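Chains as they are written, first to last, in the working numbering: chain A, 1 to 397; chain B, 1001 to 1147.
1) Does the separation of the CB atoms of residue 179(A) and residue 298(A) fall below 8 Å?
2) Looking at chain A, which residues of the segment 1109-1138 of chain B have a Cβ within less than 7 Å of any of its Cβ atoms?
3) Restricting to runs no shorter than 4 residues, where is the alpha helix (DSSP H) found entirely within the segment 39-110 of chain A?
4) Within a Cβ cutoff of 6 Å, which residues of the same chain sit near residue 130(A), ignoring the five residues on either side of it in sequence?
5) Taking the straight line between their C-alpha atoms, what separation do you get for residue 23(A) and residue 1054(B)?
6) Taking residue 143(A) as part of the alpha helix (DSSP H), name the residues at either end of that continuous run.
7) Helix, strand or coil: how does DSSP classify residue 214(A) here?
8) Give the DSSP-derived three-state secondary structure of residue 341(A) in the structure shown.
9) Mind checking residue 35(A): buried by the 16 CB within 10 Å criterion, or exposed?
10) Taking the C-alpha atoms as reference points, what is the distance between residue 132(A) and residue 152(A)?
11) By alpha-carbon positions, which one of 86(A), 359(A), 385(A) and 51(A) ends up nearest to residue 79(A)?
12) Taking C-alpha atoms, which residue in 278(A), 326(A) and 155(A) lies nearest to residue 308(A)?
13) How would you label residue 1062(B), buried or exposed, when you count the other beta carbons within 10 angstroms and need 16 or more for buried?
14) Work out the CA separation of residue 258(A) and residue 1009(B) for me, nearest whole Å.
15) Could you please tell me which residues of the segment 1057-1079 of chain B, in chain order, have their CB closer than 9 Å to any CB of chain A?
16) Are the C-beta of residue 1094(B) and some C-beta of chain A separated by less than 8 Å?
17) Closest by CA to residue 194(A), which one among 184(A), 200(A) and 201(A)?
18) Please list, in chain order, the chain A residues whose beta carbon lies closer than 7 Å to that of residue 1104(B).
19) Kindly give me the distance between the Cβ atoms of residue 318(A) and residue 339(A), rounded to whole angstroms, as I take these residues to be in contact under 8 Å.
20) Run the CB neighbour count on residue 82(A), radius 10 Å, all protein chains shown included, and call it buried at 16 or more, exposed below.
21) Just the chain A side, please: which residues come within less than 8 Å of residue 1082(B) by C-beta, in chain order?
22) Who are the Cβ neighbours of residue 1154(B) in its own chain at under 6 Å, not counting the five residues just before and after it?
23) With 8 Å set as the bound, which would you pick, yes or no: does the beta-carbon of residue 1107(B) sit closer than that to a beta-carbon of chain A?
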């Protein structure tokens, strides 16, 4: 199986990136205006124009068909279209689909876009993040989970954390360490929402959102937007910036509701990670910089184990001495992550944007020197949908 | 079967919708009685109820009485209500409970001290009346069996 997947290795590249965030947590403009601005900036970053685009990816829209509505708004007629929605990991899934389509010659230039303004929308009283608590239609979730008052999404992650603590002796202090080291990166990022360093005690002293997760174990709620442009590796070599080659990809989803998760302490990343590493011909030890979805500290801990950075159950010990922070052996979430940089509900596109910038050496005070291999791992739903992307510089081709 | 009163001052809980496959489940709660959907081919329970078995896709399905006893698999305390329908109940514990038959259910736990609920604790079903005559299954620490 993995042998067949190596056909993707190095065939496509991310050639343009853009994101919009603010230390205030709020952005001006409609989500559509933000998406278009991001697409314009990402195309400009690549040295391409909208007339080059023949593939559109979008997971959100006010209507029923995200990629159709975005393409219509842009005034283009793409030959590859993709509205795949897996929550926060949608953009890793989009990169996988785009790379496969480019490798097969089914499209040439792909645009992936995202914008959400839950923070300013909530202030205006037009829904926003609070809408996650709203009544959905007659879904299984409404029937079997909603009546029981699990706070969402943090309650679902809290259940997984409680189980990991029970099975492996993981502690709140170990989880807090992830938030502390992520904030050390944010302190080097003037665009981050939260830039003050914190201590383990600060995390433990913050109130429970859903035990055992404290407020500082949980991601932000901010506005944010981003876009990615992909094309073939061959075309990439003639564009404005050094390409970030797509070396390996993998995706796996295991459930939608937390009560249906097959194993609360093992995610689909245990499948997507090995698939991506096998396709790339690399091992976890060869990753120079990792962007690992940090909706909650427990998310990072589970993913570190499932992606193979440490054995199952040893995530707590693995993170305890600062490996994820500046100067650590596995620099992770170098923007400050969903915990401190931005989190508009779906963080996956920001993982990819930062992975590309690290490979280009564009990250200033938070730059991981000599980064050649970057991993971006998205998690969507409630530990539901996992997608791993491994990127590399030309030197890794 | 134990029916527990709605706490004084608590808001009306969100009434779960009924899907075609789960109608027998909710009808039984009128008595109240806990039933589980089973696949005849796999001879294993299915939860949530479906119109086909999620293991073998068989539609040879039926309902059987459940013991109503289980074990806490995971637990989290909500210091604040998740939505207005849980007002007046916080703090409360929400747990995943593994029924002895092998099905896993989400529930809130009926207990004086929500912080006392532990993984591995034995629990059994209790019922909260819903306005339409159904009952909502919830779980409480089992006084007869503990470990």
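Where a beta carbon is used, it is the ideal one built from N, C-alpha and C, also for glycine.
Predicted model, so just to flag it, every value in this text is computed and none were measured.
In brief:
1) no
2) 1119 and 1136
3) 66-74 and 90-103
4) Per-residue confidence for residue 130(A) stands at a pLDDT of 44, beneath the threshold of 50, marking its modelled position as unreliable; no derived number is given.
5) 46 Å
6) 140-144
7) strand
8) coil
9) buried
10) With a pLDDT of only 48 at residue 132(A), under the threshold of 50, the placement of this residue in the model should not be trusted, and no figure is reported.
11) For residue 79(A), the nearest C-alpha among the options comes from 51(A).
12) Checked all of 278(A), 326(A) and 155(A); the closest Cα to residue 308(A) is 278(A).
13) exposed
14) 29 Å
15) 1073, 1074, 1075, 1076, 1077, 1078 and 1079
16) yes
17) Ranking 184(A), 200(A) and 201(A) by Cα distance to residue 194(A) puts 184(A) first.
18) 259
19) Not really, about 18 Å apart at Cβ, beyond 8 Å.
20) For residue 82(A), the number of other beta carbons within 10 angstroms of its own is at least 16, and it is reported as buried.
21) Here the neighbours are 133, 149, 150, 151, 152 and 155.
22) Since the first residue of chain B shown is 1001 and the last is 1147, residue 1154(B) is not available in this structure.
23) yes
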